[in-house]
Structures are given as structure tokens and as C-alpha cells.
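J.:
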Amino acid sequence: MVTRFEVRGPGWGVLLLLCVGSVGVATAASGVPGAAVRLEGTAFSFGADPLEGGRPPLEGLAEFVSEDRVVFGERLDSGRLSVSLVKAGAAGLQVLDQEVLDLYVERYFGSWDWSDRFLTFLVPLGPERVVVVGTRQRVELLGLEGGEVKRLSRYALPPTSDSVLAGVGRGERFWTCSSYYVTAWRVGPNDALTMDTPGSFILPAPCRTLELAPDGRRLWAGTQRGVVPVDLSGPVPVVGRAIHPRTAFFQVRARDGFVVAQELIPYGELGRIRVFREADMTGAEAEPSPVRDFSPRSDAVVWERPVGFVLNARGLLVQWFRYLSPTRVYVAEAHALDAPAGTPPRGAVVVRESDETGLLLSPLSMTGAGRFGVLQPWRRVVEVDEAGTPRFVTGLGHGSLERLWVDARGGVTALGPFGAHRVRVPMGQGPVLVEGGQALPPGTQRLRLLPSPTREAAWELVTLPAAAPSVVQEEGTALVSCLRPGFTGALELAGTARLPGGPAALASARGALLQVAALPGDAWRVRAFQVPSDCPDAALVPAREWVLRGVASGEDTRSGWAIAADAERPELLLGEVFYRPSTGTARLGLTWFAGASLAEAARAELVGTTSQFTALALARERAVVIENRRQLYVLERAGEAIRTRRSVDLSTLHPPLEVSALLAFDGEVAWLAVSSQPVGVVALRVEDLALLARVDTPGTVRSLAFADGRWILGMNAALSSAAP
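The letter at position 355 of the sequence shown is residue 358 when you use the working numbering, and the numbering goes up by one with no holes.
#1: Less than 8 Å between the CB atoms is what I'm expecting for Thr123 and Leu84, so what's the real figure, rounded?
#2: Using a Cβ-Cβ cutoff of less than 6 Å, which residues in the same chain neighbour Val730 once the five nearest sequence positions on both sides are dropped?
#3: Consult DSSP for Leu222 and reduce its assignment to one of helix, strand or coil.
#4: Alpha carbons only, please: which of Ser562, Glu639, Asp559, Leu609 is nearest the one belonging to Phe596?
#5: Comparing C-alpha positions only, which one of Arg501, Arg513, Arg406, Gly440 sits nearest to Ser455?
#6: Hey, Glu288 and Arg705 are a contact pair by Cβ (cut 8 Å); roughly how many whole angstroms apart?
#7: Taking the beta strand (DSSP E) that Met284 falls in, what are its first and last residues?
#8: Which value, in whole angstroms, describes the spacing of the CA atoms of Val529 and Thr480?
#9: Quick check: the Cα distance between Leu576 and Thr594, rounded to an integer number of angstroms?
#10: Tell me, which residues are paired with Ile715 by DSSP?
#11: Taking the beta strand (DSSP E) that Leu666 falls in, what are its first and last residues?
#12: Counting along the chain, where does the beta strand (DSSP E) carrying Trp549 start and finish?
#13: Go through the stretch 476-513 residue by residue and report every complete run of the beta strand (DSSP E) that reaches 3 residues or more, in order.
#14: Could you have a look at Ala29 and say whether DSSP puts it in helix, strand or coil?
#15: Thinking C-alpha only, which one of Arg325, Pro291, Val677, Leu609 is nearest Ala303?
#16: Use the C-beta contact count for Trp270: other C-beta atoms within 10 angstroms, 16 or more gives buried, fewer gives exposed.
#17: Helix or strand or just coil, what does DSSP make of Pro238?
#18: What does a CB cutoff of less than 6 Å around Leu502 pick up in its chain, not counting 5 residues either side in sequence?
#19: Suppose contacts are defined by Cβ-Cβ distances below 8 Å. Is Leu311 in contact with Gln227 by that definition?
#20: Enumerated in chain order, which unbroken segments of the beta strand (DSSP E) with a length of 3 residues or greater are wholly contained in the stretch 367-440?
#21: If Gly63 sits next to Glu77, beta carbons under 8 Å apart, how far is it from one beta carbon to the other, in whole angstroms?
#22: For Ala721 and Cys485, what's the separation of their Cα atoms in angstroms?
#23: Report, in whole angstroms, the separation of the C-beta atoms of Ala493 and Arg383, which I expect to be a contact under 8 Å.
#24: Excluding five sequence neighbours on each side, which residues of the same chain lie with their C-beta closer than 8 Å to the C-beta of Trp527?
#25: Tell me which same chain residues have a C-beta within less than 6 Å of the C-beta of Gly611, skipping the five on either side of it?
#26: Measuring only the C-alpha atoms, how far is Ser328 from Thr360?
#27: Who are the near neighbours of Glu143 in its chain, counting only those whose CB is closer than 6 Å to its CB and skipping five residues on each side?
#28: For Lys153, which residues of its own chain have a beta-carbon under 7 Å away from its beta-carbon, when the five flanking residues on both sides are left out?
#29: Using CA atoms only, rank isn't needed, just tell me which of Thr647, Ala251, Val437, Gln680 is closest to Val662.
#30: Please return the same chain residues whose Cβ sits closer than 7 Å to the Cβ of Leu665, not counting the five positions on each side in sequence.
#31: Can you give me the start and stop residues for the beta strand (DSSP E) that Ser127 sits inside?
#32: Below 8 Å on the Cβ atoms is my contact criterion, and I expect Val305 with Tyr333 to pass it. Report the Cβ-Cβ distance as a whole number of Å.
#33: Between which residues of its own chain and Ser33 is the CB-CB distance below 7 Å, once the five residues before and five after are set aside?
#34: Relative to the C-alpha of Ala442, which residue among Ala510, Arg189, Pro420, Leu168 is closest?
#35: Let me know if Ser25 comes out buried or exposed under the rule of 16 or more other beta-carbons within 10 Å of its beta-carbon.
#36: For the beta strand (DSSP E) holding Ala46, just list the boundary residues, first then last.
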């Protein structure tokens, strides 16, 4: 039996959805009249960026297996790991092969030191093999011979085992550490993985990092109490005395007769990066002195901390975080290992520059080989020339694909913090990345505008919300980047405008940039900015400004708020949350402004259970409000009141749903990003709350576009298309 439904998407006419029995994971929700949507295909990226906004910095993995090949690992919200084998060369980065593993990436947050790391990580054994370690899951050996990623063998780990924090290896042997214990492993005949009990040992302090000397005869363990050398030249390992036992170490690397160690400081502070001569650490009874220190500095001009380092054939790259009020800068500086103390860097490259809070600070483990290095957390790849000058290299598929933008001619571009890719979506096939990489300059801001596809000489806000239901501008004046296609069609930075008036929430509507900010009491300031087409480097001046009143707060304190603007009508929905911890309930105050001066106000209150909205949307005289990821309301105006037309607890559906975002709403259909497993997208008809269609995806969908009657689904490390 074939069931037909017409679903109207914003700006793309009618999509005819067909339900023919069962179509794998893309079937309609059971028990609800629905349709099947076929997932046509998926393009995976590598080196995807973290979503900024006061979050932990790490997003994925990277390890060099040879001087010109690096393995990237992308965590997918579907509980899987995307692995990419990438070649680095003079022409940039080239993906050789990709494989998706059924391993979830678990984050480890150090309660003592507040460092950010993963308990799923990569251990290179050489140019043809790499080990993937998944704490409480398994250890898996991957073959890389011939530029292909092949699954060779695996070893299951008990689900109740300790957290595995680090690993190192070469050839047929590798080691992993959990707390005080270091487990030795061997790769045997037929690539079988076995534990080497005689080769395992106990450290005098909890392990934080492992490094193997270039000759393979010594292992360095960075622990919570010093760097511990372990002699591997005999039949059994011999654990030496701890060096600098009063210091904890986060990362240790050895090369060319030097050992570089990064200190680990309690409670979020960042310590020194110290360079030792290996000879001084292997025989001296006294504590060896470093030949160079890269130390934190704080004065009236700058607050700076070293966050990590790369050691490769060109020497040492130290990445710094520098705060020069109000600007925050990440910069990587190149040094010769044997240069005397106080020698200035040979060269430098700015990695990130912004006035915003950005990511949480943490020491970061980085990787390098040959003349290349990968700088966390954005995993930008740098090449260092013989003179010590670093430069960025990139290639097709490098970076995030989270934000989709469709231009006036129907062309699709996928954006990330630094990445921009032009996308082709052949009929009946999955998306194809045709041009791009991490090519946007370091000063490209989180707040960004692109040309409106429907209004000439107008800009459209394309920033995705982060840690809030609306796009948030931080306190003070914000920098806003304007991007537009250049001569080749690739996006280029056209200018940077200054937007005063933060903190505020932002939205685009009718060719204007709307800014909503809270004032004392129950008042709100709404500004509409018309950004000039040339996006000049100047402060924006509002074309119109209103002061409006929200709901009465009474004695309650506002815990969260959000806005939604109608794209075509002069209407604005303001949502306020007043959370009461004593009862675990919240007042959800809603004010719906309409009219040319937004003077017509309708109000309502709902009962909620969280301190912040999940999403708000407004279109064609209907509103959708989602609270606590599962409680959905469909609202409409009734004079000065707002009436609840429909409501549903999405967790009571079969299967239950939790959602992370409202991707699109045209007044009839709401497209919701599903965050409960399996992740994906559902189309919900708001008139009767019928689930019209569902498609499961590799990761949580962050943006949605419509092209030629199909859904284009943007995720951080993947891009999918779906069709009936």
C-alpha cells in the first residue's frame, strides 16, 4: 500500500512523501499516519570544529601515523566514530579513505585539573596501522595499507573497566594507561590483539600521558606527580624514579634528544611548557633544569597562557591563548628546539581572533610529524617551512558542515567556524563536496551575515544558536563578519561591522537584523538594523527602535529567555522563563508583538519544568514553543491573548522523542532535530500533530535546507540528503 502526503516546505513548494511498507531506518513513526523518507547518502568531513559559546573545547581526534599522513576521528551523535585517513602535501589535504566505526566518543573531564580530553583516542603504530581505544568498549586495530582504512581485529574491554586516559605504541607493541596501571599490548599473528602481562607495570602516581622514545627503548609517563622514565630494553620494564615529582604533567613528547613536557595545574589554570635535554633526564640524580620554559604571563597589557604544543621535524610549535582586552587570540609560534632561552619565535600564525568568550580554556594534546602539525581545538593544519614560518594548509572536506546556506540561484554552501564548502546534490545521490576547506581567515567571527537569497542588497544572519535557543550577542559591542561569494563562488570575508547594545538576542526578519535586549524591570528594547550592502567597518545604527513590555515578572527572577521573528510579517514572539527551584516548576511567559510598530501585544503563560526554552518559532500567524526538549505547544493569537491550539509531550510518542532544535517552520509543518537515539529529523504537522516523516542521520542535525524537493541536512561532521 502506498500512502501519499503533501508537505509544504518554506520556499520549495510541495514535497510528495510516499510510504511504501518499511524503508529501513527512514520509516515514519509507527502508529501515526506518515511517510517514508529515503536517506540518499552522506558526505563526511574531517577536522570538524567545536561549537563555541562557553563549552569544552575538544570536538574530535587527530594523530599522525607518518610524516605526511594523519588520521582524524569525528564523534557522531549517533554513537559512532568517523575515521578519515588524510594525506598532507604541497597541494594541501586529501582524503584517502573514510570508515565509520560503532564506537562512541566519551569525554573525560578532569575533576582535579579541569582538563578536557577524550576516553576514546588513537594510538599510531606506524604508517600502515593505528589502534582505536574506546574506554569500556574495545580496542580495535585498523589497517591503513594502500591508503585504505580496513578493520583488522578487536579486543573487547569490560563495560565496568577503568577509564583509559592515554596510549602510545610503535610496530607490534603499544601501551595504555588507567590510573596507576600501564597495560602492555602486542599485535600477534593474523593481527590478533593480546595483553602482554609481563610487559605491564605500575606507576608511582596516576598516569596522564605516555610517550615512547624515538629508539623505542624508553617510555616516558607523565603523571600527577612527575615524569616517570620506564626502561623497556630488558625482558621486563624497569620503572625509574619520578622527575619533578611535585609537578603534574598533561603531555610529554620526545624527539631529537629533547623531552618537552606540559604542566598540569589544578582547577582550570594553565601551566608551563618545559623543554629538557633527554640526557639530563636519564642519569642525573639531581632534578634536571629545563633549557627553555614557556610560562604564563599576566600584566597590565596581556594575560597569556600556553595551551599546548606540537613537536615535529621543524622543531617546536607552542600555541598560546592571549587576552588583550577586549580581544582573545590563539596564536601558534615556531621555535627551534636547541635555541637559547629568550630567543624570539622563528615565525607565528594567528589561529583564532575574537572579542567573544569563545571556548573554555583547557590544556590541549596536539600532534605533529614531518613539517606538519594539527592545532587543537579547531584542528587547523599548519605546515612549517625550513625558515620556521608556519602557514595553514587545508583541503576538500576539512572543517564543519553544520550551517547550510542556499543562495538566490539555489546553490548550497555548508559552513563551519572556519570551513566553507560548495555542495552539489545530484538527483538520487547523496551530497558531494565540490570545493572548499578551512579557508576562512582567523578573524571570521561567530556572528556572521550572508546575502539574503530573497531580498536584494540585504543580509541574513546565519549564526547557529549555541547553548541557548536564540542566537546570543555577548555584552558590549560585537563584531559581525559579512561573507559573500567571491569571483570563484567560494565565500570570502567582505567586511566586519560593529554591533553595539549587547547582551542581546539576534534574529533576521524582512531584510533587517533584529536585536532584542532586556532592560530593567519588565521592559525590552528592540532594534532593527539595516546593514549596508558593503558592510563597512563601522558601528551599525538602528533604523528603528522600540521599548516594549513583556510579562510581569512579579517576585520571580528571569532564568532564561528567547525570541522568534516572523520572516515576512512584522511580528515578534518573546518568551521568558521564571524558574522556581523550590518546586521544580517554571512560569513560561509569552508576549506576541504585531503591527508596524509592534504595538499590538498578546500575552499568555504556560507551566514548564526547566529554566530555559528549547526553541521558539513564528510563521503565518502560528507559533511553536518547545520546552524541556519534549513539551511542544502550538499557539495562535486571540485578541490580546495567546491560545494553545495543540500540545504534545513528545516523550509519550512511539518511539519517544527528545529534540534539540526547531530547524524550520512554515506555519503548517515544523521540522525538529531529534536528539534522542536514533538522532535525525521529524516533520510534524502542527494542525493535528501528526508525524509526517522521519529520517535518521549520523549526527544531530543543526541546520536544514530544501532543494529540488529534498531535505539537505547539515551536521557538524556530516552532510546528508533525503528524498521521498
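Ideal Cβ placement from N, Cα and C applies to all residues, glycine included.
T.: Taking the structure as given:
#1: 7 Å
#2: A question about residue 730 goes unanswered here, because the residues of the chain that appear run from 4 up to 727.
#3: strand
#4: Glu639
#5: Arg513
#6: Contact flag wrong, Cβ pair sits at about 57 Å.
#7: Careful: Met284 lies outside any beta strand (DSSP E), inside the alpha helix (DSSP H) at 281-285.
#8: 16 Å
#9: 6 Å
#10: Ala708, Ser724
#11: 662-668
#12: 545-552
#13: 494-512
#14: Its pLDDT being 33, under 50, Ala29 is placed unreliably by the model, and the measurement read from it follows with that caveat. Ala29: helix per DSSP, three-state reduction.
#15: Arg325
#16: Reading off the sequence shown, one finds Tyr at residue 270, where the question assumed Trp. Under this definition Tyr270 is an exposed residue.
#17: coil
#18: Ala481, Val483, Leu543
#19: Strictly speaking, residue 311 in this sequence is Gly, with Leu absent from that position. Contact: no.
#20: 370-372, 375-378, 383-387, 393-396, 406-409, 415-418, 423-427, 435-440
#21: 5 Å
#22: 25 Å
#23: That pair is no contact at about 18 Å.
#24: Val519, Ala520, Ala521, Val550, Leu551, Arg552, Gly553, Leu577
#25: Ala589, Leu591, Glu630
#26: 11 Å
#27: Val135, Arg157
#28: Leu145, Gly146
#29: Gln680
#30: Ala618, Ala620, Val627, Ile629, Ala673, Leu675
#31: Just to set this straight, residue 127 is Pro in the shown sequence, not Ser. Where Pro127 is concerned, the enclosing beta strand (DSSP E) stretches over 123-129.
#32: With 8 Å as the limit, Val305 and Tyr333 do not qualify as a contact, their Cβ atoms being about 13 Å apart.
#33: Residue placement at Ser33 is flagged as unreliable, the pLDDT there being 29, under the threshold of 50; a coordinate-derived value is accordingly withheld.
#34: Pro420
#35: For Ser25, the pLDDT reaches just 26, beneath the cut-off of 50, and the residue's location in the model is therefore unreliable, although a value from the coordinates is still provided. It counts as exposed.
#36: 41-47
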